[in-house]
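Participant: Note that the numbering used here has the sequence shown beginning at 109, numbered continuously upward.
Glycine residues also receive a C-beta, built at the ideal position from the N, C-alpha and C atoms.
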Amino acid sequence: MRLSEIKEHLATAQTVNFKLEDGTYVPENFHVTEVGLVTKNFIDCGGVVRKENTANFQLWNADDYDHRLKPQKLLNIIALSEKILGMEDSEIEVEYQQGTIGKYGLDFDGKDFILKAKQTACLASESCGQPAPKQKIKLTDLSKNNEPCCNVEGNCC
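So, in structure tokens, the structure goes:
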């Protein structure tokens, strides 16, 4: 999810709820302790120099049960971050601590913001010898002259 998308959702939201993909909610007493701009400069395993900018949200479970975060308050924090940090419409990454600090992507299900598990990937698979993933196809989808390859009459490939 990008900054523009979360702002659209927050503009009509009644509450701000975050939950994990397994349905477990981040406790209501959480705080957004950071909204920041993270720039990552790196070289992938193929030797290509890359740069990524992400909007970083950090969630923290507080012992403050009297001040639940409201949508407008989070919109204000985002607006200030955009102004002061010069943030663009970047992809959002959320930091949330369970056993250790985890990094999550963000989605919205119409009511709640969903912390989506992130996966690592090789960015230069063509350079480091990783084979391209094989396409999965059904034999019945193969055709000759727009006729099924295999059919009940026994016409097989």
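Does the separation of the CB atoms of V157 and F150 fall below 9 Å?
Facilitator: For the purposes of this step, residue 157 is identified with residue 49 of the sequence shown, where counting begins at 1. For the purposes of this step, residue 150 is identified with residue 42 of the sequence shown, where counting begins at 1. Yes, they are a contact pair.
Participant: May I ask which residues mark the beginning and end of the alpha helix (DSSP H) holding A121?
Facilitator: As a first step, residue 121 must be located in the sequence shown, where it is residue number 13. No alpha helix (DSSP H) holds A121; DSSP gives it neither H nor E.
Participant: Using the Cα positions of E194 and G207, report the straight-line distance between them to the nearest angstrom.
Facilitator: Counting from 1 along the sequence shown, the entry for residue 194 is found at position 86. Counting from 1 along the sequence shown, the entry for residue 207 is found at position 99. What sits at residue 194 in the sequence shown is Gly, not Glu. If you take the alpha carbons of G194 and G207, they lie about 33 Å apart.
Participant: Can you tell me whether A229 is buried or exposed? The criterion is at least 16 other CB atoms within 10 Å of its CB, across all chains shown.
Facilitator: Taking the sequence shown and counting its residues from 1, one reaches residue 229 at position 121. For A229, the number of other beta carbons within 10 angstroms of its own is below 16, and it is reported as exposed.
Participant: Would I192 be called buried (16 or more neighbouring beta carbons within 10 Å of its own) or exposed?
Facilitator: Numbered from its first residue, the sequence shown carries residue 192 at position 84. Exposed, by the Cβ-count rule.
Participant: On the criterion of 16 or more Cβ atoms from any shown chain inside 10 Å, does I209 qualify as buried, or is it exposed?
Facilitator: Working through the sequence shown from its first residue, we reach residue 209 at position 101. Around the beta carbon of I209, fewer than 16 other beta carbons lie within 10 angstroms, which makes this residue exposed.
Participant: Assuming L145 contacts N169 under a Cβ cut-off of 8 Å, what Cβ separation, rounded to an integer in Å, is found between them?
Facilitator: Against the sequence shown, residue 145 aligns to sequence position 37. Against the sequence shown, residue 169 aligns to sequence position 61. Actually they do not touch by this definition, with Cβ atoms about 24 Å apart.
Participant: Is P179 closer than 9 Å to L111 when the C-beta atoms are compared?
Facilitator: Within the sequence shown, the letter at position 3 stands for residue 111. Within the sequence shown, the letter at position 71 stands for residue 179. No, the Cβ-Cβ distance between L111 and P179 is not below 9 Å.
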